[in-house]
Structure formats: C-alpha cells, structure tokens
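In the working numbering, the protein residues as written are 1 to 449. For every residue, glycine included, the Cβ atom is placed at its ideal position computed from N, Cα and C.
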Amino acid sequence: MLPDSRILKLRQQHRKTITEQRSSGGMGINCLVLGGGGREYAIAWRLARSDFASNIDVVPGNAGLALFARVPDFSPRDIARLEQHVAAARIDLAIVGPDDLVADGLADTLRRTAIAVVGPSREAAKIEWSKTFAKELMREAGVPTARWESFSDAAAAREALDRWKGAVVVKADGLALGKGVTVCRSTEEARTALGSPPTNSGPVVFEELLEGEEASLQALVDGETVVALPPARDHKRLGDGDTGPNTGGMGAVSPTSVIADEDAQRTADELIAPVARALVARGTPFRGVIFAGVMKTRDGYRVLEYNARFGDPEAEVTLPRIGGDFAKLMLALGEGRLAEYVREYPLRTSQRAFVDVVLCAEGYPYAPKTGAPISGLDRLPEGVYAFHGATRAEPGGGFVVGGGRVVHIVAGGATVDEARERAYIGAEAVQFEGKFYRSDIARGEVAVV
C-alpha cells in the first residue's frame, strides 16, 4: 500500500492535469466556501470581485448567496458527498468559514483531496476550541494576556470563587457561537453564570476583568508567515451602550482607533506571530486566519482570546478593504506559499471605511422568530450592501427570516461617519416583522478617517 504522502503527491499531479483541461471554460479557479452565514457571504462576495475566480460554490450557503454563487444542496458534514463535489466540480480552493467546521477538522478532510485549503488542521485550531490550550500557548509564547485559571467543570469553578472575589470573566472552555463569555461584576453574578448554559456543562475558564477598549485583529497565517489584515471593532452585546447578553455580533467597523491600520502588522507580530511560531514548534503549523480579540489597556495590548477563522461580523467590514486579487491571495495561502506571494504582491488596504449594522429577528439571541417576509432589499442606496446571514427563499420569490442575525447592512464611505450614516439608511430601508438592531454601531469611531 502506498504511504499517505505518496498518495497525496499523486492526487496533486492529477489535479494539475484536470485544471489544465478545464482552462477552456475560463482561466480562473473554482472556489468552495464552507458555511452559510454573513461571514461566508462576505468571503464569497469578495471572491466574486476577483477576475481569478471562475466559479464560486457555497455549502450549505443561504438564500442570498444564490444570487451570485452556486449553492449545492447538501451538508458540509456529509464527507462522502463533499469529496464527490470537490472532484465533480473540479474545486481548486476551499475556505472553511464557521468555528464548528474548523473544530471538526474539515480542513484536514479537504486537504486529503489535494486542493488548496484556507483553514487550520483540527490540532492547530485548538487555539479556539480550547481556551485553556490557548492560554497555555500564550504563556509559552510570551503573549500578554489576562490572569486566568481553568477548571474541569462548573462545580470546581464555583469552589474557587472565594479566591477570585469580585469581578471576574467566566468563559465556557469550548465553542459557544460567541455567547460563552459572561462579564461578572460580583461573586453572585459569577455563581449565576456558572449555573447557566453554556458554562454549566463543561470545562470553565476564569479570567481577570481588564479595563480598556477592544478591537479585532485578523491575520493570514501560513506557518511562521503572518500578514495582518485591517483591524476592526466588533459590538458583541445585544443592546445600545454595550448592554444585555453577548451575541454572535451586532455590528462592526473598520478602521478603528483602537489599533490603527499602520500599526496592524507590528501588533500582529507581537500578539499573533509568537503563537504561530509556537504551533510550528509543536509540529502543528497553522494555515488559515488567526483572529485575536485584543484589549487596549493602560499597560498595552492584551489578548483576550484567539479564533481560528475569519471573524463574523469582522469579515463583513475588513474584506471589502483588502485590495488586489483576493482569490489569488487565498490560493497562495491555501497552497502554503503566502510569504512568496506577498513579497511580489504586498497586501494593500483601502482607505475607505466600512460599517456593518446587523438586522436581527425577534427573540435573538435566544429563540429567534422565523418566517417573516423581508422587504426593501432591492431598494438599498448605491454602495450599500445586504450581506445575507440567515435568510430563506420563498417559493414564489423573495426572502424570509431564517434565523437570528438575518441581514448585515454593510456600507462604505470616505470616513467612518459617512459609512455609518449610509449603513443606517440601509438598515431603515429593509423591513421585516420583529426587526431590531443597535443604533450605536461605530458611534465611538466617527473621528477615524
């Protein structure tokens, strides 16, 4: 029996052959995006603006994506069907979007088909699906972070509350759709958090409550090569003024005064590159996107956590700012030649600002009410976009609410102030029963040019 490395090499040689045979249908590549929310819409939208992308498939996708991409009807967890589609559609590049698919090791499966894959191995993705592992790696790599302690379960954490006293951040030590973090100002609030999902059903991490301003720093990572993307600022809490429960994200803005564009690479070299090198040293090099949630404190930047993929809603405001051919950039990353590519084509960042206002369904983030017809998507001003997050197609045409974060209204402008104003005009134009959104997205960033 041939060794795995030999089989992979043969598959790669075969794939080069079928790519050349396909050239009569176009000079570009066939792309596959895995996922179906606003982030995956943003990725596909950006690929669609690349001359190098011939076809774009999104699995499972959403109703809005079908307007400009192919949306095959199968689950990305149906591995046999996925491998069949990769072969039949002659896919060259796959980008894995959501945290659960990343944590499931879908990138490992796709790499065995010998295509280029943007997404880390399951082991490298542990920086997201195990907060304890991420904290240990930060300590090993010398990355500044908050004081922390991990526990096997909520009961063990409850016993430690007397040691922590007062304010503490309680985190579920696993994936929680962005909702596994509770900021507790008192011991009693911490007890309540430990008795509520998702922190009551698995390992728990306590973290020192830091004071400062948060930002999102994403970087393309290929082994020890780290290329920063334009920073952004997310708005996690449900209500205006950062009140209410955490959500998957109520909106975002880029650029941000918390980390200036010109400081992005230096900051990534300090906060992301050390863990990238540590993963290489452990024999689990990272290939994909590392997202660092960062707090700017009086003592400098501190990493709150890492994600192992593009952020959502950060992708919706950062990807429109990336210049050059996005498909070529992603292919270089997926093939493990990012350093070579950016030497020849340095990453360019647009000076335009982008703001994302998320329109949510009644009941989100708990039990969103679905099925309401959506109107106004065809009446958005020029330069204002509807990035579908959770929509379904109506049999007779049109769209209905399909989940909690329904539509991301994304707008650009010469300044954050202009982009914000246009995004809110778009948010008012789109209507569905029970719609709500925050009115203060990017309000603190209007001075950023």
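### Message
Taking a contact to mean a Cβ-Cβ separation below 8 Å, would you say A268 touches V294 in this structure?
### Response
Within the sequence shown, numbered from 1, the residue matching residue 268 stands at position 268. Within the sequence shown, numbered from 1, the residue matching residue 294 stands at position 294. No; because the gap between Cβ atoms is not below 8 Å, this pair is not in contact.
### Query
Short check: CB of F432 to CB of I374, under 8 Å?
Counted from its first residue, the sequence shown places residue 432 at position 432. Counted from its first residue, the sequence shown places residue 374 at position 374. It is a contact, given that the beta carbons lie within the stated cut-off.
#### Entry: Span separating the alpha-carbon of V86 from that of T113
Within the sequence shown, numbered from 1, the residue matching residue 86 stands at position 86. Within the sequence shown, numbered from 1, the residue matching residue 113 stands at position 113. Looking at the two C-alpha atoms, the distance is approximately 8 Å.
#### Entry: Same chain, Cβ closer than 6 Å to D325, five either side skipped, listed in chain order
Mapped onto the sequence shown, residue 325 falls at position 325. If we look at D325 and ignore the five residues flanking it on each side, its Cβ neighbours are S50 and F52.
### Message
So, under 8 Å CB-CB, G288 and G119 are touching, yes? Tell me the CB distance rounded to an integer number of Å.
### Response
Here the question's residue 288 lines up with position 288 in the sequence shown. Here the question's residue 119 lines up with position 119 in the sequence shown. About 5 Å; that satisfies the 8 Å criterion.
### Query
Using a beta-carbon distance below 8 Å, is A232 in contact with chain B?
The question asks about chain B, but that chain is absent: this structure has only one protein chain.
### Task
Taking only runs that begin and end inside the region 243-281, name each unbroken beta strand (DSSP E) of 3 or more residues, in chain order.
Within the region 243-281, the complete beta strand (DSSP E) runs of at least 3 residues are 243-246 and 251-254.
### Task
Taking all protein chains shown into account, decide if Q218 is buried (16 or more other Cβ within 10 angstroms of its Cβ) or exposed.
If you number the sequence shown from 1, residue 218 lands on position 218. With 16 or more other Cβ atoms within 10 Å, it is buried.
### Query
How far does the beta strand (DSSP E) with I29 in it reach, from first residue to last?
Numbered from 1 along the sequence shown, position 29 holds the residue referred to as residue 29. Its beta strand (DSSP E) spans residues I29 to G35.
### Query
Do three or more CB pairs link the region 248-257 to the region 269-283 at distances below 8 Å?
Contact between the region 248-257 and the region 269-283 is absent, because fewer than three Cβ pairs lie under 8 Å.
### Message
Suppose only complete runs of 3+ residues qualify. What are the beta strand (DSSP E) ranges in the region 132-197, listed by chain order?
### Response
Whole beta strand (DSSP E) segments, 3+ residues: 148-151, 168-172 and 181-184.
### Rounded separation between G404 and V168 - CA only
Taking the first residue of the sequence shown as position 1, residue 404 is located at position 404. Taking the first residue of the sequence shown as position 1, residue 168 is located at position 168. Straight-line Cα distance between these residues: approximately 28 Å.
### Task
Please classify L229: does DSSP put it in a helix, a strand, or coil?
Residue mapping note: residue 229 aligns to position 229 of the sequence shown, counting from 1. Look at L229 here: in three-state DSSP terms it is coil, with no helix or strand label.
### Task
Could you tell me which of G239, L65, S216 and R77 sits nearest to Y306, measuring between CA atoms?
Locating residue 306 in the sequence shown gives position 306, where the first residue counts as 1. Comparing Cα positions, the closest option is S216.
### Query
Count the other CB atoms within 10 Å of the CB of Y424; is the residue buried (16 or more) or exposed (fewer)?
In the sequence shown, the residue the question calls residue 424 occupies position 424. Y424 is buried by the Cβ-count criterion.
### Message
Please report the straight-line C-alpha distance between A367 and V410, rounded to a whole angstrom.
### Response
Numbered from its first residue, the sequence shown carries residue 367 at position 367. Numbered from its first residue, the sequence shown carries residue 410 at position 410. Cα to Cα, the separation comes out at about 25 Å.
### Message
Please classify P231 as buried or exposed, where buried requires at least 16 other C-beta atoms within 10 Å of its C-beta.
### Response
For the purposes of this step, residue 231 is taken as residue 231 along the sequence shown, with counting starting at 1. P231 is buried by the Cβ-count criterion.
### Query
Who pairs with T297 in a beta bridge, going by DSSP?
Here residue 297 is taken as the residue at index 297 of the sequence shown, counted from 1. In DSSP, T297 forms a bridge with G300.
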